[in-house]
Amino acid sequence: MAREVYPFETIEQRWQAFWKERRFFEMDESSMKEKYYCLVMFPYPSGDLHVGHGRNYIIGDAVARYQLMRGKNVLSPMGWDAFGLPAENAAIKSKTHPRDWTLKNIKRMKAQLESWGCGYDWRREVTACEPDYYRWTQWVFLKLYQKGLAYKKMGAVNWCPSCQTVLANEQVVAGSCERCDTKVGLKDLEQWFFKITDYAERLLKDLDLLADWPERVRVMQRNWIGKSIGVEIDFPVAGFDRKLTCFTTRVDTIFGATYMVLAPEHPFVDEIIVRSDKADRLKKFVTEVKAQSRIDRESQEVEKKGIDTGVRVINPMNNREIPLWLADYVLMDYGTGAVMAVPAHDQRDFEFARKYGLPVEVVIQNEARDLDPRKMKEAYVDDGYMANSGRFSDISNREGMESIADFMEANHVGRRAEHVKLRDWLISRQRYWGAPIPIIYCETCGIVPVPEESLPVLLPHAVDFKPTGTSPLKEMSEFTETTCPRCGKGARRETDTMDTFVDSSWYYLRYLSAGDGTRAFDIGLVNRWLPVDQYIGGVEHAILHLLYSRFITKVLYDLGLVNFKEPFQRLFTQGMIIKDGAKMSKSKGNVVAPDILIKKYGTDTVRLYTLFVGPPEKDAEWNDRGVEGAFRFLNRVWRLLELEGEIVRRVSADDLKGIRHRTHFTIKKITDDIERGFQFNTAISSIMELVNELYARANQGPAAVLCKEAPAVIREAIQTVALLLSPFAPHIAEEVWSRIGNGESVLETPWPRYQQVFLELEKITIGVQINSKLRARIEIDASLTDEALKEAVLADEKVKQHLGDKIIKDFFIVPKKLVNIVIQ
RNA sequence: GGGCAAGUGGCGGAACUGGCAUACGCGAUGGCCUUAGGAGCCAUUUCCUUCCGAGGAUUGGGGGUUCAAAUCCCUCCUUGCCCACCA
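Take the first sequence: its position 729, counted from the start at 1, is 1003 in the working numbering, and no numbers get skipped.
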């Protein structure tokens, strides 16, 4: 049996064609209107999109449509983060070329985006794996190279000894290679890095400029950069003519240092081994630690282990000799790779000292001054008073920190220093499917950058994939063999490609100049359109992508190529869509495909439900029954067209006041909800309330007298429903508007404005509390004075009943809301 | 272990600056319409008690501030996310 539902299919097709034909989403460079750059994070083209992905694009589209109606010149572009590992995996598995696989997915996903009714300026589409894009990614690399911000050094990578291949962290499953199950180790390789640490301070400080970013994202970035303030201390090594420097944030505990620990990778370790009588045991220890994969090394499960080197270092504060150990818990790439261990006041040192029987000495006392190393079960890490610290004893440890630092600087045994956790950005990938690093190695000239005019370094198309995942570029002489741009002699090309995060760290600039074969971006255009007014994407990119983009922007700023310091003015991170308690994924089999739902209920329903399901910044559970609810609502909206006359015949003068109030209240509410952080869920619920009120009027008895104003007021209400609904359910909104509105398209109609006079009511209902308990509700004139209000409340029968003859102690009035009568 | 969120009906969630808790939707129940209802419309729906007037309880638990607390403070519990040997 056919259900009587609104003809969503024809409506949606018609309006999508109309928008395209009228080019509503093509940004007009010559327009004098205020610009609005609405950017949704460009997707990795992995194949089918599900409703969880859809949330991202639907939010972005709703924002773009709202801003168009606010009269802005909106730029809403879309592109593809098209390089990356999955394409290579697919190539190996199904014998397709990564490019074919990627372009096929792009085609499919583009069709899905269009079926959602999302409007983009497709003239500006960018595809990161195409030469006209990655040519400029290579150009960005050269800019960093010229500034000394791209450099080569040894770096450790996950290595599968059986496949002879570098593995990404995600290819290491429980310490073993995902393909052949061999135990994965670390291997040092020459790698390209970007010197992001040079920008750590600015990346940290400029977070203050990003007041419109979610606080939690700023906190995550701050923690990731991880600045700590402390002191670098030089410890002379007994019997060696050298010092070991360690960094500490707790210089106040220096008198309690009972041993020092080096990372096994520390360069001094080799010197020790050469002169040690237990060289074999030390070598064995170092080898064991180095054999651990990164995952194992950083796992908390594995117990810390260490070994005494026999060497002793001298504490510069008290000239005491303490033993030097090696331990796997000290990392070479943080601080100096050497740690002074204070077991009494650091939990990790405490556990290590207890395990190996090293002394524990209290140098910070608690309030009760009763800390005793023999009785301690854990380290005392709080503030306290200096103890056993020579002339620094008895002052507070905070004071001690400063005094000791001053002393060290004066006596040249240490200095104040800052360290950051942030590491330089390793951009080399031993992969095929990425932008080739534009570098040439020449026997005579050394490392030579490819000249800008020779870009792009093209990725060869005809390649042969090994099942092990080894990059095929290495063995392609037609790629590797070249001539040196400097001396003309034979030379060899770099075969590493760039991390895909490089591609995505500048794409928002390319949209302004997509297709321009002469430059990466037009400086004038970029400076006019950036920073992005609203960036929208998943919180999983809160750290890396956003940090790298900020970094690249700052580098371009320093090069005078852009005039803004931050690329993204406002950031919105939407929550995930959950199904059956878990994130949607193919492997879990809980994916909700949008195509079926769109076919059954139409795009507007899917869009409306997606926005209604919950606050967009939070995770939300998908419920197919809820989709039906959204569909019911849109059908109710549709039927307003035929109910209009009925409502007009049934409304009284009072009803009209109520409807007009509700109409204008809804305009205000929705505008506030959108402006105040995209609260689409409550915005939609208030449209539902307006529609519900119109239905209530349609179902009551006919009015005694026909109101002259009725047709205009009811028409205004229905038109308002269409306009307010249009960012969320644009197709039905257009259809309703075109049938009863005054123009062709809602997109050419200004966003409605509310009138203050209609927001104010003559009669209001207030709650009456007696001793904070609600006892009555009374209707009063809104204009009543406090005195008159009090009188009216006390005259109410129900109130009188509850008051009895009790004495009124206090009478609180909350204007237009409630009163609270306090009695004995 | 650290950091950040969050805990409200059977469910998703609302409540803006401390001011009528549970808007809106889902589900459920009843009615109307109907040959039929998996359409539509209407009504009820936090829980307990009820003589049907109403009364009492309620925002993870406990305590506090206040005329007034989901909201502020203290404390405990639970869940989720991110980071994690960071010296």
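Heads up, the beta-carbon is just placed ideally off N, CA and C, and yes, glycines get one too.
Inset, instruction - Check whether the Cβ atoms of Trp466 and Ile713 lie closer than 9 Å to each other. - result: yes
Inset, instruction - Please confirm whether Val776 and Ile678 have their CB atoms less than 9 Å apart. - result: no
Legend entry - Separation of Lys1072 from Val1042, as counted between CA atoms: 10 Å
Inset, instruction - Can you tell me which of the three DSSP states Leu536 falls into? - result: strand
Inset, instruction - Determine the contact status of Met315 and Gly812, defining contact as a CB-CB distance below 9 Å. - result: yes
Legend entry - Cutoff 6 Å; reference Arg690; Cβ partners in own chain excluding five residues on either side: Val505, Ala679
Inset, instruction - Take the Cβ of Pro1024 as the centre, count every other Cβ of all protein chains shown within 10 Å, and call the residue buried at 16 or more, exposed below. - result: exposed
Inset, instruction - Check Val458 in the structure and name its three-state DSSP category. - result: coil
Legend entry - Residue nearest to Met428 in terms of C-alpha spacing, selected from Gly932, Arg899, Asp698, Glu983: Asp698
Inset, instruction - Mind reading off the beta-carbon distance from Leu885 to Ala336? Whole number of angstroms is fine, and I expect it under 8 Å. - result: 7 Å
Inset, instruction - Report all residues from its chain with a CB closer than 8 Å to the CB of Lys294; omit the five preceding and five following residues, and keep chain order. - result: none
Inset, instruction - State the beta-bridge partners of Trp354 as determined by DSSP. - result: Thr401
Inset, instruction - Apply the 10 Å Cβ neighbour rule to Arg496 and answer buried if 16 or more other Cβ atoms are within range, or exposed otherwise. - result: exposed
Inset, instruction - Taking all protein chains shown into account, decide if Asp620 is buried (16 or more other Cβ within 10 angstroms of its Cβ) or exposed. - result: buried
Legend entry - Phe468 burial status per 10 Å Cβ neighbour count (16 or more: buried): buried
Legend entry - Local Cβ density within 10 Å of Lys857, reported as buried at 16 or more and exposed below that: exposed
Legend entry - Rounded straight-line distance, which links the Cα of Ala1056 to that of Ile1095: 20 Å
Inset, instruction - Count the other C-beta atoms from every protein chain shown that fall within 10 angstroms of the C-beta of Asp462, then say buried if there are 16 or more, exposed otherwise. - result: exposed
Inset, instruction - Could you check what DSSP says for Thr744 in three-state terms: helix, strand or coil? - result: coil
Inset, instruction - Excluding the 5 residues preceding and the 5 following Ala276 in the sequence, name in chain order all residues of the same chain whose CB lies nearer than 6 Å to its CB. - result: With a pLDDT of 38 at Ala276, under the threshold of 50, the modelled position of this residue cannot be trusted; read the value that follows with caution. Taken in chain order, the list of residues that qualify is empty.
Legend entry - Contacts around Phe1032, its chain only, beta-carbon distance under 7 Å, and the 5 residues preceding and following it disregarded: Arg934, His935, His938
Legend entry - CB contact flag (Ser350, Tyr408, <9 Å): no
Inset, instruction - Under 7 Å Cβ to Cβ from Thr481, same chain only, skipping five residues before and after it: list those, please. - result: In the sequence as displayed, the identity of residue 481 is Leu instead of Thr. If we look at Leu481 and ignore the five residues flanking it on each side, its Cβ neighbours are Arg492, Gln495, Arg496.
Inset, instruction - Indicate whether the contact test is met: 3 or more Cβ pairs, each with one atom in the stretch 893-905 and one in the stretch 841-851, closer than 8 Å. - result: yes
Inset, instruction - Assign His371 to one of three DSSP states: helix, strand, or coil. - result: coil
Inset, instruction - Over the uninterrupted alpha helix (DSSP H) stretch that includes Ile547, give me the two end residues. - result: 542-549
Legend entry - Enclosing alpha helix (DSSP H) for Asn909 [first to last residue]: 898-924
Legend entry - Same chain, Cβ closer than 7 Å to Ser405, five either side skipped, listed in chain order: Correcting the residue identity first, residue 405 is Pro in this sequence and not Ser. Within the same chain, Pro405 has close Cβ partners Pro730, Leu732.
Legend entry - Inter-residue spacing [alpha-carbon to alpha-carbon] between Gly513 and Ser745: 49 Å
Legend entry - Per-residue burial, Pro1089 [other beta carbons within 10 Å of its own, 16 or more giving buried]: exposed
Inset, instruction - Decide if Leu632 is buried, meaning its Cβ has at least 16 other Cβ atoms within 10 Å, or exposed. - result: buried
Legend entry - Reference Gly834, options Ser959, Asn1016, Ile797, Met352, closest by Cα: Ile797
Inset, instruction - Determine the contact status of Leu804 and Pro759, defining contact as a CB-CB distance below 9 Å. - result: no
Legend entry - When Val724, Leu1063, Arg784, Ser778 are compared against Arg824, the one with the closest alpha-carbon: Ser778
Inset, instruction - Output yes or no for whether 9 Å exceeds the beta carbon distance between Val414 and Trp780. - result: yes
Legend entry - 3 or more residues per run - each beta strand (DSSP E) lying fully within the stretch 573-610: 580-589, 594-601
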